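Chain order of the listed sequences is A and B.
With positions in the first sequence counted from 1, the corresponding number in our numbering is that position plus 746.
With positions in the second sequence counted from 1, the corresponding number in our numbering is that position plus 195.
Even glycine gets a Cβ: it sits at the ideal position worked out from N, Cα and C.
All of these numbers come straight from a predicted model, not from anything done at the bench.
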Amino acid sequence: MANKKSLREEFTKGIVKENPVLRLVLGTCPTLATTTSMESAIGMGVSAAIVLVCSNIVISALRKVIPQKVRIPCYIVVIASFVTIVQLLVKAFVPTLDQQLGVYLPLIVVNCIILGRAEAFAGKNGVLASAVDGLGMGIGFTCALIVMSAIRELLGAGSLLGHELLPIPPMTIFILAPGGFFVFGIVMALANKLAEAGGGKKAELGGCKACPMASSCEKLANGGCEKSAESDEKDKEAVK
Amino acid sequence: MNTDNKLLTVSASPHRRTEDTTGGIMIDVVIALLPALVLSVVLFGFRSLLVVAVSVAACVILEYLSRKIMKRNNTLGDFSAVITGMLLAFNLPPSMPLWMVVIGDAVAIVVVKQFFGGIGQNFVNPALVGRIVLMTSFPTYTNNFTEPFAWRNPEVDAVTSATPLAQFAGNYSRQGVITAMNSSQMPTLSEMFFGIYGGCLGETCAAALILGGVYLCIRKVISPRIPLYYIGTVALIMLIAGRGNIQFVLYQLLSGGLMLGAIFMATDYTTSPIKTKGKIIFAVGCGVITSLIRIYGSLPEGVSFSIILMNILVPHIETLTTPKPFGALREKKQKGEAVK
Chain A
747 MANKKSLREE
757 FTKGIVKENP
767 VLRLVLGTCP
777 TLATTTSMES
787 AIGMGVSAAI
797 VLVCSNIVIS
807 ALRKVIPQKV
817 RIPCYIVVIA
827 SFVTIVQLLV
837 KAFVPTLDQQ
847 LGVYLPLIVV
857 NCIILGRAEA
867 FAGKNGVLAS
877 AVDGLGMGIG
887 FTCALIVMSA
897 IRELLGAGSL
907 LGHELLPIPP
917 MTIFILAPGG
927 FFVFGIVMAL
937 ANKLAEAGGG
947 KKAELGGCKA
957 CPMASSCEKL
967 ANGGCEKSAE
977 SDEKDKEAVK
Chain B
196 MNTDNKLLTV
206 SASPHRRTED
216 TTGGIMIDVV
226 IALLPALVLS
236 VVLFGFRSLL
246 VVAVSVAACV
256 ILEYLSRKIM
266 KRNNTLGDFS
276 AVITGMLLAF
286 NLPPSMPLWM
296 VVIGDAVAIV
306 VVKQFFGGIG
316 QNFVNPALVG
326 RIVLMTSFPT
336 YTNNFTEPFA
346 WRNPEVDAVT
356 SATPLAQFAG
366 NYSRQGVITA
376 MNSSQMPTLS
386 EMFFGIYGGC
396 LGETCAAALI
406 LGGVYLCIRK
416 VISPRIPLYY
426 IGTVALIMLI
436 AGRGNIQFVL
446 YQLLSGGLML
456 GAIFMATDYT
466 TSPIKTKGKI
476 IFAVGCGVIT
486 SLIRIYGSLP
496 EGVSFSIILM
506 NILVPHIETL
516 TTPKPFGALR
526 EKKQKGEAVK
């Protein structure tokens with residue numbers, strides 16, 4: 747199936763159309779945790795992208811050797827070795843980044859994006875395609891982190907990459923967890939809009955069934971808020 | 196047609212129409228809030244009127260703009276944005292910088308209300324979220340309380356004072372409570388009742404808020420159940436926490452945002468249960484969480500958080516308390532059927 751797609755498509759799909767964080771909603775935990783400052787977000791994005799590309803290549807090369815039943819442990823072993831390499835390198839050359847990322851650096855081992863790509867792509871496709879897919883996804887992940895961290899750092903700490911910019915007191919809530927969710931939701935909505943404009947699949951929102959009031963809402967039986975509002979209007983017109 | 200909807204089928208005529216409209220109800224709420232606004236101007240000067248005016252104006256403009264941008268119909272006529280603006284301003288100190296007030300309004304109207312579909316669709320109280328966002332973002336500004344009547348003395352910019360709850364905070368032991376109540380900074384109970392102490396601009400005067408609440412109950416805009424059960428629960432827990440000290444209970448009831456929250460915020464139609472039983476569960480829950488935050492929490496006041504937490508639970512309370520239609524058979528348990 748994927749063979750039909752050109753390498754260019756494999757590369758670009760990860761950036762907006764199938765952005766792992768904003769469109770596939772994978773890797774939410776490191777996203778929310780490391781976007782408090784742009785520095786740590788770039789560090790996280792780049793390390794995850796490196797691990798993603800390397801593990802995709804190796805897993806794709808070994809895909810015919812790995813037995814189907816134990817593939818997940820095999821993937822984890824491959825990913826964990828690359829994470830260890832990256833972690834040791836970060837510790838040796840940028841120890842401040844290592845302190846900033848803390849536990850989230852070793853946690854790349856269980857990052858949904860990397861395991862997800864291994865399972866969904868690298869285990870079924872050729873080495874070159876997998877490398878390109880990993881690179882696209884890695885860049886998409888890094889871009890999402892950079893956009894979110896720029897918003898959060900600028901509004902929440904009044905700075906960008908540690909340089910003070912805002913003359914007014916910053917809104918601390920943006921570097922706290924609730925602000926992270928606010929930004930995440932809004933950026934995700936924008937990405938959906940962008941992807942749909944670019945011909946991507948429309949986001950499935952679950953419609954009325956996703957609403958917390960669904961169990962006690964009588965509108966659901968009439969086809970949800972939008973539909974029942976429409977039919978209300980039709981009724982009104984009919985009355986006129 | 197779905198059988199679940201049978202109850203909603205309109206009966207045969209004649210039908211009685213009421214004169215109630217959303218706009219009319221909201222105007223009643225505005226009238227009920229006016230005594231507290233007037234007193235706050237008397238206590239804290241025209242600065243508090245300015246904060247309220249800016250907040251209301253910002254809410255109305257933001258509501259208009261966001262509806263326009265989202266290509267939805269204009270809903271300014273229901274006055275709900277005015278209420279949100281007033282309630283948010285009532286929760287802020289009179290010295291609050293005006294641009295921060297506008298940010299709070301933007302969160303309340305755009306994020307909490309319009310992103311979720313406008314009036315009747317917001318799952319938590321917009322004014323409270325606006326307040327909490329401001330509180331976590333600019334704590335030094337939202338906790339800067341001016342002493343009452345400081346505006347009469349033009350030589351001094353503002354005299355700040357600690358709120359009664361801040362003096363109780365972190366020390367709810369038997370001795371701590373008595374020390375706090377006897378401290379010279381603590382206002383007397385009658386001062387507390389008429390709002391002559393530092394605090395948010397609309398929440399200090401219990402007398403004016405209760406007057407507004409009684410008006411709303413007489414006009415049947417709200418039912419007295421939520422405020423009474425809410426305040427009653429706080430009173431009961433504080434009676435136990437204060438080892439039966441009535442004076443302490445009164446201080447707790449009159450301080451902070453309890454009156455404003457219980458009368459005007461917890462009774463919001465959209466975010467409170469419809470059925471009586473649900474209303475009681477909701478109000479008792481609010482009271483318990485408020486008291487627990489006051490006694491054990493790291494913040495001195497918990498009214499906003501308690502109402503928001505219970506707002507989120509409202510759909511589940513509704514599901515639990517939905518009455519069964521008369522004569523309907525009880526649904527058989529899965530287990531019983533499996534045995535057969």
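Start-to-end residues for the alpha helix (DSSP H) that takes in residue i
i, result
"residue 332 of chain B", "321-332"
"residue 285 of chain B", "275-285"
"residue 844 of chain A", "841-847"
"residue 291 of chain B", "Counting along the chain, residue 291 of chain B falls outside any alpha helix (DSSP H), and DSSP gives it neither H nor E."
"residue 221 of chain B", "217-239"
"residue 755 of chain A", "753-759"
"residue 511 of chain B", "498-516"
"residue 802 of chain A", "784-807"
"residue 420 of chain B", "420-436"
"residue 777 of chain A", "774-780"
"residue 395 of chain B", "Careful: residue 395 of chain B lies outside any alpha helix (DSSP H) and carries neither H nor E."
"residue 816 of chain A", "Neither: residue 816 of chain A is in no alpha helix (DSSP H) and is coded neither H nor E."
"residue 366 of chain B", "Careful: residue 366 of chain B lies outside any alpha helix (DSSP H) and carries neither H nor E."
"residue 445 of chain B", "441-449"
"residue 935 of chain A", "923-943"
"residue 862 of chain A", "858-863"
"residue 485 of chain B", "471-491"
"residue 404 of chain B", "401-413"
Under 8 Å between C-beta atoms of residue i and residue j
i, j, result
"residue 433 of chain B", "residue 443 of chain B", "yes"
"residue 879 of chain A", "residue 760 of chain A", "yes"
"residue 428 of chain B", "residue 498 of chain B", "no"
"residue 477 of chain B", "residue 512 of chain B", "yes"
"residue 305 of chain B", "residue 325 of chain B", "no"
"residue 421 of chain B", "residue 467 of chain B", "yes"
"residue 932 of chain A", "residue 925 of chain A", "no"
"residue 772 of chain A", "residue 858 of chain A", "yes"
"residue 802 of chain A", "residue 896 of chain A", "no"
"residue 230 of chain B", "residue 360 of chain B", "no"
"residue 291 of chain B", "residue 247 of chain B", "no"
"residue 934 of chain A", "residue 798 of chain A", "no"
"residue 238 of chain B", "residue 343 of chain B", "yes"
CB contact check: residue i to chain A, cutoff 8 Å
i, result
"residue 333 of chain B", "yes"
"residue 306 of chain B", "yes"
"residue 519 of chain B", "no"
"residue 214 of chain B", "no"
"residue 246 of chain B", "no"
"residue 530 of chain B", "For residue 530 of chain B, the predicted structure reports a pLDDT of 49, less than 50, and the residue's modelled location is therefore unreliable. A value from the coordinates is still provided. Residue 530 of chain B does not count as touching chain A."
"residue 328 of chain B", "yes"
"residue 211 of chain B", "no"
Minimum Cβ-Cβ distance from residue i to chain B less than 8 Å
i, result
"residue 918 of chain A", "yes"
"residue 986 of chain A", "Note that residue 986 of chain A scores a pLDDT of 47, beneath 50, so its modelled location is shaky; the value from the coordinates is reported in the next line. No, residue 986 of chain A lies away from the interface with chain B (no Cβ there is under 8 Å from its Cβ)."
"residue 922 of chain A", "yes"
"residue 913 of chain A", "no"
"residue 757 of chain A", "no"
"residue 927 of chain A", "no"
"residue 818 of chain A", "no"
Paired residues, beta bridge with residue i - DSSP
i, result
"residue 466 of chain B", "DSSP, once it has assigned bridges, lists no residue as partnering residue 466 of chain B."
"residue 909 of chain A", "A:906"
| query | At a cut of 8 Å, does the segment 327-337 of chain B reach the segment 288-303 of chain B through at least three beta carbon pairs? | reply | Judged by Cβ distances under 8 Å, the segment 327-337 of chain B makes contact with the segment 288-303 of chain B, as three or more pairs qualify.
| said: Taking contact to mean 3 or more Cβ pairs, one atom from each stretch, closer than 8 Å, check whether the segment 254-261 of chain B and the segment 396-412 of chain B are in contact. | reply: No: fewer than three Cβ pairs fall under 8 Å.
| said: Pairs of beta-carbons, one from the segment 310-326 of chain B and one from the segment 502-509 of chain B, closer than 8 Å: are there three or more? | reply: Touching, per the Cβ criterion.
| said: Between the segment 908-918 of chain A and the segment 831-846 of chain A, can you find at least three pairs of beta-carbon atoms closer than 8 Å? | reply: With the cut-off at 8 Å, the segment 831-846 of chain A and the segment 908-918 of chain A do not touch.
| said: For the segment 849-869 of chain A against the segment 813-827 of chain A, do three or more pairs of beta-carbon atoms, one drawn from each stretch, fall closer than 8 Å, so that the two count as touching? | reply: Touching, yes.
| Would you call the segment 378-396 of chain B and the segment 207-225 of chain B touching, i.e. three or more CB-CB distances under 8 Å? | Contact fails between the segment 378-396 of chain B and the segment 207-225 of chain B, because fewer than three Cβ pairs, one in each stretch, are under 8 Å apart.
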